[in-house]
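Accompanying notes for the structure given below.
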Amino acid sequence: MTINYKDLELTLEFVSSGYEFESSAYLDKETGVIYYDSDESEDELPEDLFENAKYISIPSKEDLGLGKPLAIEYAQKNLPNELELVNSFFRSKGAYSNFKSLLGSKDQLENWYAFERESMKKAILEWCAENEISI
């Protein structure tokens with residue numbers, strides 16, 4: 019079974035939006051169908067979703083290490099003099115807004131987005147390989 023990379027990327031974004039456990043999605047590994055589950059979702063979930071091993075939960079960005087750890091990694095590599103400040107951002111609300119403001123002031127925002135995209139692609143491909151999903 020092969021799944022479209024872009025579909026999986028968009029699903030990961032869906033799962034990562036909002037609060038933890040607010041949105042989830044499941045992939046049928048046999049058919050490639052993705053089922054979405056949230057308060058706004060109108061998808062009918064399969065009755066055997068939680069009992070059948072053919073369904074796999076799509077991870078969030080946090081599950082794949084693409085949240086705070088990725089921002090810290092970027093700062094270590096590209097803004098080592100600002101690492102302490104970046105760490106302090108993630109101790110309070112508005113962390114990503116503050117982080118992106120800092121990146122903008124250092125002319126690093128586009129570099130960050132490219133790094134984030136590449137890291138997401140790598141993490142998704144690794145997750146697919148671990149779960150025997152073809153892209």
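Throughout the sequence shown, residue numbering follows this note's numbering, covering 19 to 153 in sequence.
Every residue, glycine too, gets a C-beta built ideally from N, C-alpha and C.
Rounded to whole angstroms, residue 143 and residue 109 show a C-alpha spacing of 30 Å. As a beta-bridge residue in DSSP terms, residue 74 pairs with 45. Taking a contact to require three or more Cβ pairs closer than 8 Å, the stretch 76–87 and the stretch 122–133 do not qualify as touching. Under the three-state reduction of DSSP output, residue 90 falls in the helix class. Per DSSP, reduced to three states, the secondary structure at residue 37 is coil, with no helix or strand assignment.
Note that the stretch 111–118 does not touch the stretch 54–73; fewer than 3 beta-carbon pairs, one per stretch, sit closer than 8 Å.
For the options 42, 50 and 34, the alpha carbon positioned closest to that of residue 23 is the one of 50. Take residue 104, set aside five residues on each side of it, and the residues of its chain with a beta-carbon closer than 8 Å to its own are 89, 90, 93, 97, 117 and 120, in chain order. In the structure shown, residue 25 falls within a helical segment according to DSSP collapsed to helix, strand and coil. Membership of residue 142 in the alpha helix (DSSP H) is indicated by the continuous run 127–148. In this structure, the alpha-carbon of residue 149 lies about 33 Å from that of residue 127. In the three-state reduction of the DSSP assignment, residue 106 falls in the helix class, which pools H, G and I. Judged by beta-carbon spacing, residue 153 lies within the 8 Å limit of residue 21, meaning their Cβ atoms are closer than that value.
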